[in-house]
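A short worksheet on the structure shown next.
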C-alpha cells in the first residue's frame, strides 16, 4: 500500500511540473534555482509508456504504444512526441568516423532507424511521429537452405520542422528504414539495412566567389533525397560491415561516400579497424556541409587473467589494456588522436585509467606546411564498487588545451541502491582555469529512481546545475 501512495505522489508531482515540480509548494525557493531545476520521469504500463521532462520554460514529452506480447512473431510500435532518433538516421546525418576512447571497438553491427522516447536532455528535438514493425522469421530445420530470415524491422518516421505538436508544414521531413538479419547453414549471420528519405533544407543566402565548394553558393530552400545502405557479416570470431550513401545536393547532382568497419577477436586479443571516405563535398540529411576527407581508426585490446588466491575461485583479477589511434585528413588540415588505458576488475571492485592526446597539422592544398602541433590532452580515473545492495563510483578527469592555456578539472560521485527502488544519487563539480585564473565553477546534482508495483513502472528524475 505504501508503494501505491508513493507512486501517486511522484506521478502527481510530475503532472504539476509546470508549477516548478517538487518545489512548487516552496514559495520562498529562489527563482534562479528553480530555473535550473530539471524534473520529470517515465510511466510504463502494459502496452503504453510515457515520458515527460521539464526545465525552466522548456519541456519535452513522448508517448509510446506497442502490441508487444500480444502476438508471438509480430509487433507494432507507434510513438509520438519529441522523440530521440538515432541508428541509421544518425549515420545518414553525419557519415564521418569520430575519434573515440581506447576501449572502443569497430561497430560492425548494422541498424535501421532507432527511435526512443525523449530523455532529460531532448528539449530541442522537433515533434516527430513513428511507426515500427518487428517480426521474426520462421525457424527452418532445413540446414541446406543458404539463408534463413531471423528477424526484420521496418520503421517509418515523420519529422516536423517545428517542435509544436501537430504543426505540419511543407518543410517537414520523412524517412523510412528497414533491417533484415539472416542466418546461414555454416553458423554465420548476415544483415542488411537501409535508411532513406526526403529531408528539407533552408535557404543559403550567403555565397562566396572564391570558394571551391558548390555548397557555398546561393540556393533556395527545398528538399533532397538521401539514402544509405549497410551490410554486415559475422563468421566465428570475425565481423565486418560495409556502407555506402548517396546525397542529392541542392543543385540536383548526387554525391556519395563509403565506410568500412572490421573486428577480429582471437583468444584474449581484439583488433579493430574502421575507415570512411568522402571523395567530394557532401550536403547531408541534417544540412551538414562536409568537405572531402578520409578518416581511419584502429584499436587493439588485450585481456590478462590472474588468480590471486588459489583457494578462492572468485579471486580472479581481470586486467584489460587498450590503445587506439585516429587519423583524419582534409585539404587544409590533418587531425590525429592517440589514446590508451587500463581497466581492472576484482570481485566487486573495478577501476580504470585512460588518457588521450590530440594533434593537428596544417596543410595547403593537401601539402604539408607544418609539423603536427599538440592541441589537447586529457586523463580520466574511475573507481567503482558493485554489490547487490549498493553500487557506487568515483571519477575524476583533467584536460589541458595549450593554445589558450586552459585546464578543466572534473569530479563526480554516484551512489545507487538497487534494493531501494533503484535509487540513484549523482553529483559532480567542474573547475575551469585560463591563464592561471579560475574562470568558471559549476556543480550538478541529480536524484533518480524507479518504482515498480505489479505491472506499473514509474521512473523519476530531479536534477539541478549551479554556477558558483
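Residue numbers (my numbering): 570 to 1037.
Heads up, the beta-carbon is just placed ideally off N, CA and C, and yes, glycines get one too.
As the structure is a computational prediction, the values presented were derived from the model and not from experiment.
* Is residue 1030 helix, strand or coil by DSSP? -> Mapped onto the chain shown, residue 1030 falls at position 461. Residue state, collapsed to three classes: strand.
* First and last residue of the alpha helix (DSSP H) that includes residue 860? -> If you number the chain shown from 1, residue 860 lands on position 291. Looking at the DSSP string, residue 860 is not in any alpha helix (DSSP H), and its letter there is neither H nor E.
* **Helix, strand or coil at residue 833 [DSSP, three-state]** => The residue you call residue 833 lines up with position 264 of the chain shown. Strand.
* Asked: Helix, strand or coil for residue 739 per DSSP?
  -> Position 170 of the chain shown, counting from 1, holds the residue named residue 739. In this structure, residue 739 counts as coil in the three-state DSSP scheme.
* At least three beta-carbon pairs within less than 8 Å, the stretch 665-675 to the stretch 608-623 -> no
* Asked: Taking buried to mean at least 16 other C-beta atoms within 10 Å of its own C-beta, is residue 627 buried or exposed?
  -> Position 58 of the chain shown, counted from the start, is the residue given in the question as residue 627. So residue 627 ends up on the exposed side.
* From residue 576 to residue 1032, what distance separates their C-alpha atoms? -> Within the chain shown, numbered from 1, the residue matching residue 576 stands at position 7. Within the chain shown, numbered from 1, the residue matching residue 1032 stands at position 463. With a pLDDT of 44 at residue 576, under the threshold of 50, the modelled position of that residue is not reliable, and the figure given next carries that caveat. Near 19 Å, if we compare the C-alpha coordinates of residue 1032 and residue 576.
* Asked: If you draw a straight line from the alpha carbon of residue 753 to that of residue 724, how long is it in whole angstroms?
  -> In the chain shown, counting from the first residue as 1, residue 753 sits at position 184. In the chain shown, counting from the first residue as 1, residue 724 sits at position 155. When rounded, the distance between both Cα atoms is 25 Å.
* Can you tell me whether DSSP reads residue 878 as helix, strand or coil? -> Position 309 of the chain shown, counted from the first residue, corresponds to residue 878. Of the three classes helix, strand and coil, the one that applies to residue 878 here is coil, per DSSP.
* **DSSP-derived helix/strand/coil call for residue 659** => In the chain shown, counting from the first residue as 1, residue 659 sits at position 90. Looking at residue 659 - three-state DSSP - the assignment turns out to be helix.
* Is it true that the CB of residue 800 sits closer than 9 Å to the CB of residue 762? -> What you label residue 762 is simply residue 193 of the chain shown in a count that begins at 1. What you label residue 800 is simply residue 231 of the chain shown in a count that begins at 1. A contact, by the Cβ cut-off of 9 Å.
* To do: Would you mind reading off the limits of the beta strand (DSSP E) that contains residue 620?
  => As a working note, residue 620 is residue 51 in the chain shown. Where residue 620 is concerned, the enclosing beta strand (DSSP E) stretches over 617-624.
* To do: Out of 727, 984, 977 and 987, state which residue places its alpha-carbon closest to the alpha-carbon of residue 1002.
  => Indexing the chain shown from 1 puts residue 1002 at position 433. Minimum Cα distance to residue 1002 is reached at 977.
* **Own chain, CB closer than 8 Å to residue 857, minus 5 neighbours either side, in chain order** => As a first step, residue 857 is located in the chain shown; it is residue number 288 there, counting from the start. Excluding positions up to five away in sequence, the list reads 662, 663 and 851.
* Is the stretch 674-693 close to the stretch 838-845, with three or more CB pairs under 8 Å? -> yes
* **Identified DSSP bridge partners for residue 723** => Here residue 723 is taken as the residue at index 154 of the chain shown, counted from 1. DSSP output for residue 723 lists 702 and 747 as bridge partner(s).
* Can you tell me whether DSSP reads residue 579 as helix, strand or coil? -> Start at 1 with the first residue of the chain shown, and residue 579 comes out as number 10. With a pLDDT of 44 at residue 579, under the threshold of 50, the modelled position of that residue is not reliable, and the figure given next carries that caveat. Here residue 579 sits in helix by DSSP.
* Cβ shell of residue 911 (< 6 Å), same chain only, five flanking positions each side left out -> Position 342 of the chain shown, counted from the first residue, corresponds to residue 911. Hits under 6 Å: 890 and 922.
* Consult DSSP for residue 591 and reduce its assignment to one of helix, strand or coil. => Translated into positions along the chain shown, residue 591 becomes position 22. With a pLDDT of 31 at residue 591, under the threshold of 50, the predicted position of this residue should be treated as unreliable, and no value is reported.
* Terminal residues of the beta strand (DSSP E) in which residue 930 lies -> Mapped onto the chain shown, residue 930 falls at position 361. Unbroken beta strand (DSSP E) run through residue 930: 918-933.
* Excluding sequence positions up to five away, which residues of its chain have a Cβ less than 6 Å from the Cβ of residue 746? -> Mapped onto the chain shown, residue 746 falls at position 177. Correct list, in chain order: 657, 681, 682, 724 and 764.
* To do: Count the C-beta pairs between the stretch 822-839 and the stretch 685-694 that are closer than 8 Å, then say yes if the count reaches three, no if not.
  => no
* To do: Please work out which residues of its chain come closer than 6 Å, Cβ to Cβ, to residue 869, disregarding the five sequence neighbours upstream and downstream, and give them in chain order.
  => If you number the chain shown from 1, residue 869 lands on position 300. These residues qualify, in order along the chain: 840 and 892.
* Asked: Closest by CA to residue 1042, which one among 875, 951, 931 and 1035?
  -> Past the boundaries of the shown model lies residue 1042; the chain is included only from 570 to 1037, so the question cannot be answered.
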